[in-house]
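Please read the structure below before turning to the comments.
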Amino acid sequence: MVGERHRGFFNMPYKDPQRQRAHNQVYSQKWQARSEIKARRNEQQKLRRLQPGHKAKEQDWQLRRRYGITLAKYTSLLRAQGNRCAICDDAPSKSSDWHVDHDHATGAVRGILCRHCNRALGAVRDNVETLRRAIAYLTGGQ
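If you read the sequence shown in my numbering, its first letter stands for residue 3, the second for the next number, and so on.
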(Lines of atoms letter the chains of each structure in order from A and count residues from 1; the text may use other names and numbers.)
(Lines give C-alpha, C1' and ligand atoms only; values in the text may rest on other atoms or scores of the structure.)
Protein backbone atom coordinates (compact mmCIF):
# COMPACT_ATOMS: atom_id res chain seq x y z
CA MET A 1 0.00 0.00 0.00
CA VAL A 2 2.93 2.37 0.41
CA GLY A 3 3.01 4.86 -2.45
CA GLU A 4 -0.48 3.93 -3.64
CA ARG A 5 -3.74 5.79 -3.15
CA HIS A 6 -5.51 4.64 -0.01
CA ARG A 7 -8.61 6.23 1.54
CA GLY A 8 -7.87 9.66 0.10
CA PHE A 9 -4.19 9.71 1.07
CA PHE A 10 -1.38 9.92 -1.45
CA ASN A 11 2.08 8.48 -0.82
CA MET A 12 1.39 7.41 2.74
CA PRO A 13 4.65 7.30 4.71
CA TYR A 14 2.97 4.97 7.23
CA LYS A 15 1.43 1.60 6.43
CA ASP A 16 -0.92 1.89 9.37
CA PRO A 17 -3.89 4.20 8.53
CA GLN A 18 -4.30 5.27 12.19
CA ARG A 19 -0.70 6.34 12.39
CA GLN A 20 -1.11 8.17 9.08
CA ARG A 21 -4.18 10.02 10.41
CA ALA A 22 -2.22 11.10 13.50
CA HIS A 23 0.61 12.31 11.28
CA ASN A 24 -1.83 14.23 9.05
CA GLN A 25 -3.49 15.82 12.08
CA VAL A 26 -0.17 17.10 13.44
CA TYR A 27 0.79 18.37 9.99
CA SER A 28 -2.59 20.11 9.63
CA GLN A 29 -2.21 21.82 13.00
CA LYS A 30 1.26 23.08 12.09
CA TRP A 31 0.00 24.32 8.72
CA GLN A 32 -2.93 26.11 10.34
CA ALA A 33 -0.65 27.81 12.88
CA ARG A 34 1.63 29.05 10.08
CA SER A 35 -1.41 30.26 8.17
CA GLU A 36 -2.67 32.22 11.19
CA ILE A 37 0.75 33.83 11.64
CA LYS A 38 0.74 34.90 7.98
CA ALA A 39 -2.79 36.28 8.31
CA ARG A 40 -1.76 38.34 11.38
CA ARG A 41 1.32 39.65 9.55
CA ASN A 42 -0.78 40.65 6.52
CA GLU A 43 -3.27 42.44 8.78
CA GLN A 44 -0.44 44.33 10.50
CA GLN A 45 0.94 45.39 7.11
CA LYS A 46 -2.48 46.64 6.02
CA LEU A 47 -2.84 48.69 9.21
CA ARG A 48 0.66 50.12 8.76
CA ARG A 49 -0.19 51.21 5.20
CA LEU A 50 -3.24 53.11 6.48
CA GLN A 51 -1.21 55.18 8.96
CA PRO A 52 -0.72 58.85 8.10
CA GLY A 53 2.60 59.53 6.40
CA HIS A 54 3.19 55.90 5.41
CA LYS A 55 3.04 56.63 1.68
CA ALA A 56 5.73 59.33 1.96
CA LYS A 57 7.94 57.03 4.07
CA GLU A 58 7.52 54.23 1.53
CA GLN A 59 8.32 56.55 -1.38
CA ASP A 60 11.38 57.91 0.45
CA TRP A 61 12.61 54.37 1.14
CA GLN A 62 12.12 53.34 -2.52
CA LEU A 63 13.99 56.42 -3.80
CA ARG A 64 16.88 55.80 -1.40
CA ARG A 65 17.06 52.13 -2.31
CA ARG A 66 16.83 52.55 -6.08
CA TYR A 67 18.57 55.86 -6.78
CA GLY A 68 20.32 56.95 -3.59
CA ILE A 69 18.27 60.15 -3.22
CA THR A 70 15.77 61.25 -0.60
CA LEU A 71 12.20 62.32 -1.14
CA ALA A 72 13.29 65.90 -0.37
CA LYS A 73 15.93 65.74 -3.15
CA TYR A 74 13.33 64.27 -5.55
CA THR A 75 10.92 67.09 -4.72
CA SER A 76 13.63 69.75 -5.15
CA LEU A 77 14.58 68.27 -8.57
CA LEU A 78 10.96 68.39 -9.65
CA ARG A 79 10.55 71.99 -8.42
CA ALA A 80 13.77 73.05 -10.17
CA GLN A 81 12.25 71.71 -13.39
CA GLY A 82 9.07 73.71 -12.73
CA ASN A 83 7.07 70.51 -12.07
CA ARG A 84 7.53 69.63 -15.72
CA CYS A 85 9.31 66.90 -17.64
CA ALA A 86 13.02 67.68 -18.23
CA ILE A 87 12.71 66.69 -21.91
CA CYS A 88 9.25 67.51 -23.32
CA ASP A 89 8.31 70.23 -20.77
CA ASP A 90 4.95 68.55 -20.21
CA ALA A 91 3.21 68.36 -16.83
CA PRO A 92 1.74 64.85 -16.32
CA SER A 93 -1.60 64.72 -14.58
CA LYS A 94 -0.84 61.78 -12.26
CA SER A 95 2.07 61.53 -9.82
CA SER A 96 2.64 57.95 -11.00
CA ASP A 97 3.59 59.32 -14.43
CA TRP A 98 6.85 60.77 -13.04
CA HIS A 99 10.06 58.73 -13.33
CA VAL A 100 13.56 59.30 -12.01
CA ASP A 101 16.02 59.32 -14.92
CA HIS A 102 19.46 58.00 -14.06
CA ASP A 103 22.62 56.97 -15.83
CA HIS A 104 22.71 53.18 -15.83
CA ALA A 105 26.52 53.12 -15.97
CA THR A 106 27.19 55.44 -13.03
CA GLY A 107 23.84 55.46 -11.22
CA ALA A 108 23.84 59.29 -11.15
CA VAL A 109 20.39 60.89 -11.22
CA ARG A 110 19.93 63.21 -14.24
CA GLY A 111 16.41 64.49 -13.64
CA ILE A 112 12.71 63.67 -13.49
CA LEU A 113 10.92 62.63 -16.68
CA CYS A 114 7.38 61.89 -17.74
CA ARG A 115 6.48 58.30 -18.49
CA HIS A 116 6.69 58.77 -22.27
CA CYS A 117 10.15 60.39 -22.32
CA ASN A 118 11.48 57.81 -19.87
CA ARG A 119 10.28 55.02 -22.15
CA ALA A 120 11.75 56.75 -25.20
CA LEU A 121 15.19 56.97 -23.57
CA GLY A 122 14.90 53.34 -22.51
CA ALA A 123 13.96 52.29 -26.04
CA VAL A 124 17.15 53.83 -27.49
CA ARG A 125 19.18 52.52 -24.50
CA ASP A 126 20.45 56.05 -23.68
CA ASN A 127 22.45 56.00 -26.95
CA VAL A 128 23.11 59.54 -28.19
CA GLU A 129 23.98 58.41 -31.71
CA THR A 130 20.67 56.56 -32.01
CA LEU A 131 18.88 59.72 -30.90
CA ARG A 132 20.73 61.78 -33.53
CA ARG A 133 19.67 59.33 -36.25
CA ALA A 134 16.09 59.49 -34.96
CA ILE A 135 16.17 63.31 -35.14
CA ALA A 136 17.56 63.15 -38.67
CA TYR A 137 14.82 60.71 -39.62
CA LEU A 138 12.08 62.92 -38.15
CA THR A 139 13.38 66.08 -39.81
CA GLY A 140 13.65 64.34 -43.17
CA GLY A 141 17.44 64.21 -43.25
CA GLN A 142 17.98 67.97 -43.08
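Ideal placement from N, C-alpha and C gives every residue a C-beta, glycine not left out.
Determine whether the beta carbon atoms of residue i and residue j lie at a separation below 8 Å.
i	j	result
G113	L79	yes
C119	P94	no
A138	V126	no
D62	L73	yes
Q22	Y16	yes
From the DSSP secondary-structure annotation, give me the bridge partner or partners of residue i.
i	result
K115	Before going on, a small fix: residue 115 reads as Leu here, not Lys. Answer is H101, bridged to L115.
Would you mind giving the Cβ-Cβ distance between residue i and residue j, rounded to the nearest angstrom? I have them listed as a contact below 8 Å.
i	j	result
D92	H106	So it is not a contact: roughly 24 Å between Cβ atoms.
Given 8 Å, three or more beta-carbon pairs between the stretch 58 to 75 and the stretch 95 to 112: yes
Minimum length 4: unbroken alpha helix (DSSP H) runs contained in the stretch 40 to 99: 56 to 69, 73 to 82
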